[in-house]
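The opening residue of the sequence shown carries number 939 in the working numbering; numbering runs sequentially from there.
Note that CB positions come from ideal geometry on N, CA and C, so glycine has one too.
Structure first, commentary second.
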Amino acid sequence: MGLFHLFGPCPLLQAEPANSFEVGAALFVRHIQPLLQSRCFACHGQDPKDLKGGFHLESRETLMKGGDQFGNQVLLPGNASESALYRLVSRQEKDMEMPPKASEQLTKEELAWVREWIDAGAPWPEASVISSLKEGSKGQVKVLTSGGLHPSWDERLYPKEKLWAWMPLKTSSPPMDHHPVDWFI
């Protein structure tokens, strides 16, 4: 009789990966929204009357319109490699690289976030969800890991009090029944 028949299927091996929307929403809150605000909103988000290329990144609805050039091809949720947004920020479109200054181009890590977000369906959660995701991560720390069963494990947050690195040191007194030199042995 095999081990499978004896113990049954292993529940850890059957675990479903995290919901793609949840992974994408968390990625949006932690990385994509701050990236858009710091690198894109100056030209494509702060003043709707002064948008470069008619491209507005204030919301998912305005993003999906695509501006003057790309129309509805700017963002193809679930398909980063065909989305104009990804091609622009990864500098694949000649003379249309975004951000335009080479010194401000996205890092490999930032490009990976954009790709993963688009491939996860490019979710843009409602303000209440964004707020709860931000609130939920306060007092938590992202720990660099070597991965796990699913790519989302690389982005896991841990409460500080559960990590040994943030636990206070315990003070102890050396035993007094020995000679002080014995403390060094």
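Take Leu1049 and list the residues in its own chain whose beta-carbon comes closer than 7 Å to its own, dropping the five residues that flank it on each side.
Val1027, Ser1028
Coarse secondary structure for Gln1011, derived from DSSP in three states:
helix
For Gln984, does the three-state DSSP call read helix, strand or coil?
coil
DSSP on Glu1097, reduced to helix/strand/coil?
Residue 1097 is actually Pro in this sequence, not Glu. Residue state, collapsed to three classes: strand.
Under the three-state reduction of DSSP, which class applies to Gln975: helix, strand or coil?
helix
Find out if the Cβ-Cβ distance for the pair Ile1056, Pro1097 is shorter than 8 Å.
no
Supposed close pair Gly991, Gly1009 - CB separation, criterion 8 Å:
Not a contact, Cβ separation roughly 12 Å.
If you draw a straight line from the alpha carbon of Gln1078 to that of Ala1065, how long is it in whole angstroms?
21 Å
The alpha helix (DSSP H) that contains Val1027, what's its start and end?
1022–1027
Who are the near neighbours of Thr1000 in its chain, counting only those whose CB is closer than 6 Å to its CB and skipping five residues on each side?
His994
Extent of the continuous alpha helix (DSSP H) to which Leu1049 belongs:
1046–1057
Beta-ladder partner(s) of Arg1078, from DSSP
Per the sequence presented here, residue 1078 reads as Gln, with Arg not at that position. According to DSSP, Gln1078 bridges with Pro1097.
For Ser1021, which residues of its own chain have a beta-carbon under 6 Å away from its beta-carbon, when the five flanking residues on both sides are left out?
Contacts found: Leu1013, Leu1014, Ile1056.
Taking all protein chains shown into account, decide if Trp1121 is buried (16 or more other Cβ within 10 angstroms of its Cβ) or exposed.
exposed
Any idea if Ala1058 is buried or exposed, counting beta-carbon neighbours within 10 angstroms, 16 or more meaning buried?
buried
Can you grab the Cα-Cα spacing for the pair Ser1041 / Arg977, in whole Å?
12 Å
Which class does Asp1068 belong to by DSSP, given the choice of helix, strand or coil?
One detail in the question is off: residue 1068 reads as Ile in this sequence, not Asp. Three-state result, Ile1068: helix.
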